[in-house]
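Chemist: Going by this note's numbering, 132 is the number at position 107 of the sequence shown; the sequence numbering is gapless. From the three backbone atoms N, C-alpha and C, an ideal C-beta is built for every residue, glycine too. I'd like to ask some things about the structure below.
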Amino acid sequence: MGIGDEARIKGLFQDNVCTRASKGKAKAKSSSFSYPIDLTSKKSVGSMLEVFFQSGVKDGLSMSFPLDEAATYSIELKDEKGKYRPIEEFSAGMLSKIYVAYFLDRTIQNEGSNTILLYDQPESNMEKEFLLRTLGDKLRELRKVHQIFVATHEPLLVVNADANEIILAANDKRVDEPNHVVYENRSFVGAHGKRDLVEGVARLIDGGTDAVKRRSGIYEGMTHR
């Protein structure tokens with residue numbers, strides 16, 4: 026919220042929000058207006074609320090109807106072309122990308138080195154390429170200065186994010202038995218541990234390292250055609 030914004034907001038409320046208690050009778054006037062507010066700025070939101078309560082509620086405003094019928098709002102985000110669009114037009118995958126870009130690039134990097142990041146299933150709604158090239162790269166860079174805990178079903182992310190401590194969780198539940206979750210600690214530290222872990226990941230993804238090598242040969246042959 027820049028200089029002069031507060032005065033403009035006050036003008037908006039004076040012209041558009043006018044509900045006053047006068048001699049026991051309520052007078053009301055309403056109309057619509059729009060004003061951009063940066064929801065990520067505490068100062069911006071705080072000033073907006075302060076002006077509202079000073080200009081719109083100071084004489085005892087009361088509402089006997091649902092708030093969602095009294096006011097409407099919309100959230101718009103900037104797309105890859107720099108155009109603002111309603112949030113409803115974005116797919117779940119695109120919203121996930123925006124979240125990653127905002128949260129990891131701005132919030133985490135602006136915090137001190139004692140920040141701890143907890144991320145549950147970051148692979149949701151993301152295609153493999155973005156997951157590996159973007160999210161994996163960001164986590165690999167952030168782990169140099171932050172402690173990061175990630176719960177994921179995507180073994181590719183574990184490898185590409187260069188995790189130095191992995192806990193595998195397996196559910197051995199049978200139909201006639203209660204849940205029995207087994208946890209196994211793995212590590213990239215040391216050649217033996219890294220080799221075993223990569224073999225395990227390859228088995229989960231593509232049937233083992235032999236299958237990965239065969240598939241790699243197929244891809245290589247396709248590129249030379």
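Could you give the residue range of the alpha helix (DSSP H) that holds P180?
Modeler: On the sequence shown, residue 180 is found 155 positions in, with the first residue counted as 1. For P180, the enclosing alpha helix (DSSP H) starts and ends at 180-185.
Chemist: Only counting the same chain, and skipping five residues up and downstream in sequence, which positions put a Cβ closer than 7 angstroms to that of I123?
Modeler: Along the sequence shown, one-based indexing puts residue 123 at 98. L102.
Chemist: In this structure, does DSSP put V170 in helix, strand or coil?
Modeler: By one-based count along the sequence shown, residue 170 stands at place 145. If DSSP states are grouped into helix, strand and coil, V170 belongs with coil.
Chemist: Tell me whether K108 sits in a helix, a strand or coil according to DSSP, three-state version.
Modeler: Reading the sequence shown from its first residue, position 83 is the one you call residue 108. DSSP places K108 outside both helix and strand once states are collapsed to three, so it counts as coil.
Chemist: Out of T177, A117, N139, E148, which one is the CA nearest neighbour of K169?
Modeler: Counting from one through the sequence shown, the residue named residue 169 turns up at place 144. For the residues T177, A117, N139, E148, the minimum Cα distance to K169 belongs to N139.
Chemist: Under three-state DSSP, which class holds I141?
Modeler: Within the sequence shown, the letter at position 116 stands for residue 141. Reduced to three states, the DSSP call for I141 is strand.
Chemist: Start and end of the beta strand (DSSP E) containing I191?
Modeler: Here the question's residue 191 lines up with position 166 in the sequence shown. From DSSP, the beta strand (DSSP E) with I191 extends over 191-196.
Chemist: Taking L129 as the reference, which of A195, L181, L164, V184 has the closest Cα?
Modeler: Taking the first residue of the sequence shown as 1, we reach residue 129 at position 104. Comparing Cα positions, the closest option is L164.
Chemist: Report the three-state DSSP secondary structure of A188 (helix, strand or coil).
Modeler: Taking the first residue of the sequence shown as position 1, residue 188 is located at position 163. Annotated three-state conformation of A188 is coil, per DSSP.
Chemist: What are the residues that DSSP puts in a beta bridge with E209?
Modeler: The count along the sequence shown starts at 1 and reaches residue 209 at position 184. Per DSSP, L193.
Chemist: For S116, is the classification buried or exposed, using 16 other Cβ atoms within 10 angstroms of its Cβ as the cut-off for buried?
Modeler: As a first step, residue 116 must be located in the sequence shown, where it is residue number 91. Taking all protein chains in view, the Cβ of S116 is surrounded by fewer than 16 other Cβ atoms within 10 Å, so the residue is classified as exposed.
Chemist: Under the rule that 16 or more other beta-carbon atoms within 10 Å means buried, what is E202, buried or exposed?
Modeler: The residue given as residue 202 occupies position 177 in the sequence shown. Result: exposed.
Chemist: Taking the beta strand (DSSP E) that L102 belongs to, which residues open and close that run?
Modeler: Residue mapping note: residue 102 aligns to position 77 of the sequence shown, counting from 1. Unbroken beta strand (DSSP E) run through L102: 101-103.
Chemist: Does the beta-carbon of G161 have 16 or more other beta-carbons within 10 angstroms, so that it is buried, or is it exposed?
Modeler: Taking the sequence shown and counting its residues from 1, the one referred to as residue 161 is at position 136. G161 comes out buried.
Chemist: Quick one: is A186 buried, meaning 16 or more other Cβ sit within 10 Å of its Cβ, or exposed?
Modeler: Sequence index remark: in the sequence shown, residue 186 carries index 161 (1-based). Counting Cβ neighbours within 10 Å, A186 comes out buried, since at least 16 surround it.
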